[in-house]
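One line per chain: the protein sequences are A and B, in this order. As numbered in our numbering, residues 1 to 247 make up the first sequence, in order. As numbered in our numbering, residues 248 to 650 make up the second sequence, in order.
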Amino acid sequence: MLRIERVAVAVEGRIVVKRASLELRRGEVNLLLGPNGSGKSSLLNAVMGHPKYVVVAGKVLLDGNDITHLNPEARVRLGLALAVQHPPRIRGVRVGKLLEKLVLRRVKSVQEAMKEVQNIAKLLNISHLLDRDLGVGFSGGEMKRIELASLMALRPRIALIDEPDSGVDVDSVLLIAEAIEEMMSMGTQSILIVTHTGLIAKHVKHHRAYVMVDGEIVAEGSSERILPMVLEHGFSAVVSCAVKRDE
Amino acid sequence: MSRDTIYEELKRRALEALSKPAPYGVDIDVEQLVNYTPKRRVTILSERERVKQVGIDVSSKTRSAYFYQVDSRIEAYGSLVSGVEILPLEQAIEERWDEVRKYFWRLIPVDMDKYTAVTFLKSSGGCYIRVKKNTRVDLPIQTCFLLSGGTQFVHNIVVVEEGAEATIVTGCTIAPEEMGLHIGITEIYLERKAKLVDVMIHSWNRVTHVRPRTAVVLDDDAVYASYYINMSVTKSLQSLPKVYARGVNSRVYSATIILGLGESVHDIGSIAELSGEHSRAELVSKVVARDRSKITTRLRISSLAPKTSGYVECRGLLLSETSSITTIPELEASHSDAELFHEASIGKLRDDEIEYLMIKGFSYEEAISMLIRGFVDIELKYLPPQVEKALQSVLDVLAKKSV
Ligand SMILES: Nc1ncnc2c1ncn2[C@@H]1O[C@H](COP(=O)(O)OP(=O)(O)O)[C@@H](O)[C@H]1O
Ligand SMILES: [Mg+2]
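What follows is the structure, encoded as structure tokens:
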């Protein structure tokens, strides 16, 4: 469904992703692993069309169509969505209102949208946050749950989820895993999860894994094989034992 | 003193002040505007949509009383509930002088500046509103002042008797592209345990000057909440309402929201003087400057009695390199147990916030407008639900207009 072909990404004039190719197939949950600073978030932001993360080489194909230069709004409309790693705090923008606006992109009636927001909030245990300003005074777990809620509100065909399990309590991880399952059952066809702890992988069924080091995808393959290797021996071990990429 | 003597004295003082400029704001040549003739005379009905934008829905059955004035002509007024009296101030002066004299130019000195002076001398309309003891109306009292062009000098007096509660929604606007000067003198008296919510929504044009002059006095346990919103291009607007919290345990809340567009110059704020023990004031301003507009906000609390407290918040948002904002929060205390503090900030929209919303699928314009809506999202206190909803949608419109 989504193909990232030899993409290089620049942030403020500096290349932070040198060359990344990966593919998200229908019905799969894929993992993107890699040490801090290797370029995972930059890649995801570039795929969404974030104005600061510029694709300077390669292309992004969605259902075979080149979307490399579309604006984020158009990409969301085509069914792509991202739960970011570090959402900003925004005073005056209430969580509930934001979610409602997202739901209203595909639902006509405000009443229906409000109801859906209530259901999403219940599932992710954020009902108590709906009237609060986005991110202001939230815990790590609450932030991540709200990001997941924004995905559920958008109901994308392809979901990109950036480190849902970092700085998060176990209960939040479980809720997020549940939300991911729910999304799959509501029409999300393919998911990419960035994780460097692997925590979320314990609770969500996954298929393939990519490993990114220093701005490059250095390994890919069955996640069952790669994940334990990474968790046991670290990323450098994966590079040196050179899990061959099936290009 | 007889009415004639009082008038003579006011007249003498007004004449002396006719060329006295206000300490703030651009000085205006009133004479030139007095002689201006508008191209076309408008009526409230012909400007139905325009007045709707300032919160006045003339078709609405959801009002407790109303007063509609165009230029110096009072078009319609009336009350739908027995506890609310509303009539032209001039009529009240004629028929009930002994009552009205207690309020007439008592809170605002007639010689405060040339604008108060000219309003006394050329007064053209305005209303007298009296909310009777223990009357509580949820539905707003609507007052609307529409200007075809030229000058409008309005004098209003509002009295809320003991234990009564009311909301006034005032909408003021002018025909497009017509030169104008609007001066509104408003003297408000809140008796013991009275509560007044005073919502004012303005929409002017690039050649209109506006000089409201408001003063309010509160008796024991009274509550005064004011919301002032201007979201249109305005040549110049200067206003500094003064609230005297004289009663014990009285409460003042004031929120000022300005969208500066085009070449608008705003100098606006409020002053709360706390001379009743345990009284408290919260003054908030949220101003957004775009284009080449200039906004100055002055918020001041004076604690003159024991156990008074207050909070001032001045926030400014600059949307262009050519606009400017000055915020002047001021606290004064003459008692050691007064508790006062302020917060002030001026900034611009943050890129990471815009980008985040864009990643979620909003266009750049939608993102900006959501952030501005968030910026002006003040605490809507003391408002009856219907008025709160109306105010929310006015702020929605303001956010859209700011992009
Ligand atoms: N907005 C940004 N501005 C400047 N540098 C950035 C920005 N985002 C990412 N980078 C840089 O890009 C590199 C990769 O970062 P990132 O994509 O966040 O890695 P990861 O998600 O794998 O931890 C880092 O060196 C980081 O400092
Ligand atoms: Mg990251």
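Idealized CB from N, CA, C, for every residue including glycine.
Cutoff 8 angstroms; reference residue i; Cβ partners in own chain excluding five residues on either side
{"i": "Glu612(B)", "result": "Val650"}
{"i": "Gly187(A)", "result": "Arg155 and Arg157"}
{"i": "Asn30(A)", "result": "Leu22, Leu24, Ser190, Ile191, Leu192, Ile193, His206, His207, Arg208, Ala209, Tyr210 and Ser223"}
Distance between residue j and residue i (C-alpha atoms, nearest Å)
{"i": "Ala159(A)", "j": "Arg310(B)", "result": "50 angstroms"}
{"i": "Arg439(B)", "j": "Glu408(B)", "result": "7 angstroms"}
{"i": "Leu354(B)", "j": "Glu296(B)", "result": "35 angstroms"}
{"i": "Glu356(B)", "j": "Thr363(B)", "result": "The sequence given here has Pro at residue 356(B), not Glu. When rounded, the distance between both Cα atoms is 8 angstroms."}
{"i": "Lys380(B)", "j": "Val499(B)", "result": "20 angstroms"}
{"i": "Thr284(B)", "j": "Leu394(B)", "result": "11 angstroms"}
{"i": "Gly215(A)", "j": "Arg527(B)", "result": "58 angstroms"}
{"i": "Val204(A)", "j": "Val194(A)", "result": "13 angstroms"}
{"i": "Ile415(B)", "j": "Gln389(B)", "result": "6 angstroms"}
{"i": "Ile518(B)", "j": "Leu82(A)", "result": "48 angstroms"}
{"i": "Val217(A)", "j": "Lys18(A)", "result": "The residue asked about is misnamed: residue 217(A) is Ile in this sequence, not Val. Rounded to the nearest angstrom, the two C-alpha atoms are 9 angstroms apart."}
{"i": "Arg260(B)", "j": "Thr366(B)", "result": "12 angstroms"}
{"i": "Ala228(B)", "j": "Val317(B)", "result": "No answer is possible for residue 228(B): the residues shown for chain B start at 248 and end at 650."}
{"i": "Asp251(B)", "j": "Ile340(B)", "result": "12 angstroms"}
{"i": "Leu173(A)", "j": "Met143(A)", "result": "Note that residue 173(A) is Val in the sequence shown here, rather than Leu. Each residue's alpha carbon lies about 12 angstroms from the other."}
{"i": "Val60(A)", "j": "Leu227(A)", "result": "26 angstroms"}
{"i": "Gly410(B)", "j": "Ala269(B)", "result": "36 angstroms"}
{"i": "Glu600(B)", "j": "His525(B)", "result": "41 angstroms"}
{"i": "Leu627(B)", "j": "Glu635(B)", "result": "7 angstroms"}
{"i": "Gln118(A)", "j": "Ser127(A)", "result": "7 angstroms"}
{"i": "Ile15(A)", "j": "Met212(A)", "result": "15 angstroms"}
{"i": "Arg348(B)", "j": "Val495(B)", "result": "25 angstroms"}
{"i": "Gln300(B)", "j": "Val641(B)", "result": "7 angstroms"}
{"i": "Val273(B)", "j": "Ser511(B)", "result": "11 angstroms"}
{"i": "Pro632(B)", "j": "Ser473(B)", "result": "16 angstroms"}
{"i": "Asp466(B)", "j": "Leu437(B)", "result": "6 angstroms"}
{"i": "Arg245(A)", "j": "His196(A)", "result": "At Arg245(A) the pLDDT is 47, less than 50, meaning the model places this residue with poor confidence and gives no usable figure here."}
Contact set between residue i and chain B, taken where Cβ atoms lie within less than 7 angstroms
{"i": "Lys52(A)", "result": "Glu602"}
{"i": "Arg91(A)", "result": "Gly621"}
{"i": "Pro72(A)", "result": "Met605, Ile606 and Gly608"}
{"i": "Arg105(A)", "result": "Gly608"}
{"i": "Met184(A)", "result": "Here the premise fails: no neighbours, minimum Cβ distance about 20 angstroms."}
Residue i CB to nearest heavy atom of ligand 2 below 8 angstroms
{"i": "Asp165(A)", "result": "no"}
{"i": "Asp214(A)", "result": "no"}
{"i": "Asp162(A)", "result": "yes"}
{"i": "Val9(A)", "result": "no"}
{"i": "Val194(A)", "result": "yes"}
Contacts around residue i, its chain only, beta-carbon distance under 6 angstroms, and the 5 residues preceding and following it disregarded
{"i": "Tyr271(B)", "result": "Gln485 and Asp514"}
{"i": "Asn45(A)", "result": "Tyr53"}
{"i": "Ser571(B)", "result": "Lys541"}
{"i": "Ser549(B)", "result": "Glu520 and Glu579"}
{"i": "His449(B)", "result": "Cys419 and Asn477"}
Close beta carbons around residue i, own chain, < 7 angstroms, minus the five adjacent residues each side
{"i": "Ile120(A)", "result": "Leu99, Ala149, Met152 and Ala153"}
{"i": "Tyr263(B)", "result": "Checking the sequence shown, residue 263(B) turns out to be Glu, not Tyr. Same-chain partners within the cutoff: Asp358."}
{"i": "Gly167(A)", "result": "Gly140"}
{"i": "Arg6(A)", "result": "Arg19, Ser21, Ala57 and Gly58"}
Amino acids of chain B, ordered along the chain, whose beta-carbon sits closer than 8 angstroms to that of residue i
{"i": "Pro88(A)", "result": "Arg597, Asp599, Glu600 and Tyr603"}
{"i": "Val254(A)", "result": "Any question about residue 254(A) goes unanswered here, given that chain A covers just 1 to 247."}
{"i": "Leu102(A)", "result": "Lys607 and Gly608"}
{"i": "Met143(A)", "result": "The contacting residues do not exist; Met143(A) stays about 12 angstroms from chain B at best."}
{"i": "Met48(A)", "result": "Ile606"}
Residues that residue i contacts on chain B, provided the C-beta gap is smaller than 9 angstroms
{"i": "Ser150(A)", "result": "Lys607"}
{"i": "Leu154(A)", "result": "Lys607 and Gly608"}
Contact set between residue i and chain A, taken where Cβ atoms lie within less than 7 angstroms
{"i": "Asp624(B)", "result": "Gly92"}
Near ligand 3: residue i beta-carbon under 8 angstroms from a heavy atom
{"i": "Gln85(A)", "result": "As presented, the structure is devoid of ligand 3, carrying ligand 1 and ligand 2 as its sole ligands."}
Where residue i meets chain A, residues with beta-carbon distance less than 8 angstroms
{"i": "Leu618(B)", "result": "Ile90, Gly92 and Val93"}
**Asked** Any residues whose CB sits closer than 6 angstroms to a heavy atom of ligand 1? List them in chain order?
**Response** Val11(A), Glu12(A), Val16(A), Gly34(A), Asn36(A), Gly37(A), Ser38(A), Gly39(A), Lys40(A), Ser41(A), Ser42(A) and Lys52(A)
**Request:** Can you give me, in chain order, the residues of the segment 122–136 of chain A that have a beta carbon less than 7 angstroms from any beta carbon in chain D?
**Result:** Included in the structure are the protein chains A and B, with no chain D among them.
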